[in-house]
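Counting from 288, one number per residue, gives the positions in the sequence shown under this note's numbering. For glycine and all other residues, C-beta sits at the position ideal for the given N, C-alpha and C. Only a predicted model underlies this, so the values are computations on that prediction, with no experimental measurement involved. Notes follow once the structure below has been shown.
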Amino acid sequence: MNRKLFTEEQQQLLRQNPYIYSVTETRITLTKEFKELFMTAYKAGESPRKILEDHGFDINIIGERRIWSISNHIRTEYKKYGEFHEGYGPRGETARHVAPTDAARPVSEADEIKQLRHEVDYLKQEMEFLKKISSIRTTRK
Numbered sequence: 288m289n290r291k292l293f294t295e296e297q298q299q300l301l302r303q304n305p306y307i308y309s310v311t312e313t314r315i316t317l318t319k320e321f322k323e324l325f326m327t328a329y330k331a332g333e334s335p336r337k338i339l340e341d342h343g344f345d346i347n348i349i350g351e352r353r354i355w356s357i358s359n360h361i362r363t364e365y366k367k368y369g370e371f372h373e374g375y376g377p378r379g380e381t382a383r384h385v386a387p388t389d390a391a392r393p394v395s396e397a398d399e400i401k402q403l404r405h406e407v408d409y410l411k412q413e414m415e416f417l418k419k420i421s422s423i424r425t426t427r428k
């Protein structure tokens, strides 16, 4: 794949933008607030590049390919769900369970508590599943 990776310095610069939920070397994850702002401006006829520049994104770091990709992802999320979600994709029953990265930062203390409770519940389910697998293996011997 011919993907442009973000250096650690670029990631640190991107994390300073309040509209970025998290950053890894390969992915920028945006806040719900920015997605809503983006969609409003896009519907008003502004170009994706101008919207990103107006909201403090460094186009030289992001790159042309990601500008198109960000626009496409935001429009797809809106078409698919009719609303936006914090971070990458919807949260809830149908969402993939991904452990939060160090770069992910909850919006408020209440969100952080909610996120941690979800993570604890998920880990409890994982432990129960592993116990069942382990008990099946030991009883078959």
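Problem - The beta strand (DSSP E) enclosing T316, as first and last residue numbers - result: Indexing the sequence shown from 1 puts residue 316 at position 29. In this chain, the beta strand (DSSP E) harbouring T316 covers I315 to L317.
Handout entry: Nonlocal neighbours in the same chain, by C-beta distance under 6 Å from T316, ignoring five residues either side
Key = As a first step, residue 316 must be located in the sequence shown, where it is residue number 29. Result list for T316: Y308, S309, G374 and Y375, in chain order.
Problem - Three-state secondary structure assigned by DSSP to Y306 - result: On the sequence shown, position 19 is the one that residue 306 refers to. Note: Y306 maps to coil in three-state DSSP.
Handout entry: Spatial distance of V407 from H372 (CA atoms)
Key = As a working note, residue 407 is residue 120 in the sequence shown. As a working note, residue 372 is residue 85 in the sequence shown. Approximately 21 Å, taken between the alpha carbons.
Practice task
Classify S334 as helix, strand or coil using the three-state DSSP reduction.
Solution key: The residue given as residue 334 occupies position 47 in the sequence shown. Annotated three-state conformation of S334 is coil, per DSSP.
Handout entry: Three-way DSSP call (helix, strand, coil) for E323 in this model
Key = Within the sequence shown, numbered from 1, the residue matching residue 323 stands at position 36. Reduced to three states, the DSSP call for E323 is helix.
Problem - Of the listed residues E312, H405, Q303 and G343, nearest to F325 (C-alpha basis) - result: The residue labelled residue 325 in the question sits at position 38 within the sequence shown. Ranking the options by Cα distance to F325, first place goes to G343.
Handout entry: Secondary structure of L300, DSSP reduced to three states
Key = Start at 1 with the first residue of the sequence shown, and residue 300 comes out as number 13. L300 falls in the helix class under three-state DSSP.
Handout entry: Segment contact, 8 Å Cβ cut-off, at least three pairs: the stretch 347–358 with the stretch 325–338
Key = Touching, yes.
Exercise for the section: May I ask you to report which of helix, strand or coil DSSP gives A382? Expected result: For the purposes of this step, residue 382 is identified with residue 95 of the sequence shown, where counting begins at 1. Any reading at A382 must be qualified, since the residue scores a pLDDT of 41, below 50, and its modelled position is unreliable; the value itself is stated next. Residue state, collapsed to three classes: coil.
Handout entry: Distance between Q298 and N347 (C-alpha atoms, nearest Å)
Key = Within the sequence shown, residue 347 is the residue found at index 60, counting from 1. Within the sequence shown, residue 298 is the residue found at index 11, counting from 1. Straight-line spacing of the CA atoms in N347 and Q298 works out to 13 Å.
Exercise for the section: Please report the residue range of the alpha helix (DSSP H) in which H405 lies. Expected result: Counted from its first residue, the sequence shown places residue 405 at position 118. The continuous alpha helix (DSSP H) containing H405 extends over residues E396 to T426.
Practice task
Taking all protein chains shown into account, decide if V385 is buried (16 or more other Cβ within 10 angstroms of its Cβ) or exposed.
Solution key: Here the question's residue 385 lines up with position 98 in the sequence shown. Summary for V385: the model assigns pLDDT 43, below 50, so the residue's position carries little reliability; its value from the coordinates is reported in the next sentence. That one is exposed.
Handout entry: Among E370, E312, L403 and I423, nearest to R353 - alpha-carbon criterion
Key = Along the sequence shown, read from residue 1 onward, the residue named residue 353 stands at position 66. Here the closest residue by C-alpha is E312.
Handout entry: Neighbour-count burial assignment, F416, 16 or more Cβ in a 10 Å radius
Key = As a first step, residue 416 is located in the sequence shown; it is residue number 129 there, counting from the start. So F416 counts as exposed.
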